[in-house]
Structure formats: C-alpha cells, structure tokens
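One structure below.
In the working numbering, the protein residues as written are 1 to 216.
Shown next, in the form of structure tokens:
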C-alpha cells in the first residue's frame, strides 16, 4: 500500500480522533475512550508535534499514531510529564506510543506497520532513547519491542508482563536506566469527561468487547 506518512495538521485533529474512535469502538470494552486520551494528550506538555503522525492514502487519512513524552522514575513521583521530583527522574528521553489506529475497513493492510516504522525512525532522529508501550507482543515484537523487564523497567504499579514492552532506539540507550515507567496522567480520564466528549461525535451503539484483555 503506497502511503504518505506526515505530521498531523491541527485542522485534522478531530478527524484523527474520530478515526481512533472508529478503530477502538467495542474493541476492548463497550465503546472506547482512546479518542478522548488522544484529544487530551494534545493539550499537555508531554505532546511532541513531530510524533503525531497520519497515514494518507490517495489524500485521505487512513491511519494515525501518536507518541508522547514519558519518564522512567526511581521510586515514587508525580504523574505528569512536566511535574514530579526532578531528582527522582532516571530518564525523561522516553516516549509512550499510542493510541495507534487504522481505518477499520483497511485493517490488516500494513497501515499500522508503516506508522510504527515511521514512529521509531522519527523518535530516533529526535534523540529519544526509547519507546515504551502496552500492546500485543506478537505484533509489536516484529518491530523490535521486548518485555520491558529486560531493561529493568516496570509499570507505575511496579509490575511486569509480556504486553508491557520497550525498544532501545540505539544500542545501549537504556544502559543505567531502571525504575518505574510513568506515562502522562492525561491518558486517564473520568466517565464524566468521556460522556461530555462523546457529544461531539455521531451516536454509536455500545456492545460486547471483541477482545477480552487479561488481568494483570
């Protein structure tokens, strides 16, 4: 598929949020909230415009991915990328990837793969050390992601499991880096926020999730 990968123009923010909604609707739970997370992340200090990418096919947006600033912390710290005890931050040159979306009718055509490769290359060119994400190991393993336990990095709750993955953007990038991973608190939203945000979109019926995620 001959795609053009480029930065997301602000005028296309809502279109990409709607695409994200379509891609995630009833996927992991009734409805979804990934589109709200995307909207909120764009307003935070963790936002990196160069890491907000769309995939175009014949001039139409068919895919999107965002990566935002995160940090690895030694011990407890604040949830915001821009806040917390500076002395506790081990590394702030890491990114959290997601959400990533493809037009539902075109899923399985390689859109996500092209967005992933573009994101990894862009992050490396910007000088980041690592990308960390939560996702399917079989899928993200294709791009070099491995269980983050390899790098002695755990979740903010001090857990490790196969879907919590990291990649070094250059050899030895995470040498000397260990601790807990903190994505930005803007990933997390309230039901009231979601209800209000949903008013901007066409009504959709909630149903049973197509994928049941394991509990960790």
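Ideal Cβ positions, reconstructed from N, Cα and C, are used throughout, including at glycine.
- Rounded to the nearest angstrom, the gap between the Cα atoms of residue 117 and residue 61 is 17 Å.
- By the Cβ test, the stretch 196-213 is not in contact with the stretch 173-184, since fewer than three Cβ pairs between them sit closer than 8 Å.
- Under the three-state reduction of DSSP, residue 210 is assigned to coil, being neither helix nor strand.
- When beta bridges are read from the DSSP output, residue 130 appears opposite 94 and 168.
- Boundaries of the alpha helix (DSSP H) harbouring residue 195: 191-198, taken from the DSSP string.
- DSSP, read as helix, strand or coil, puts residue 69 in strand.
- Residue 11 has its alpha-carbon roughly 37 Å from the corresponding atom of residue 153.
- When secondary structure is reduced to three states using DSSP, residue 173 falls in the coil class, being assigned neither helix nor strand.
- CA-CA distance, residue 20 to residue 100, rounds to 7 Å.
- Each residue's CA atom was taken as its position, placing residue 158 and residue 58 some 45 Å apart.
- DSSP places residue 48 outside both helix and strand once states are collapsed to three, so it counts as coil.
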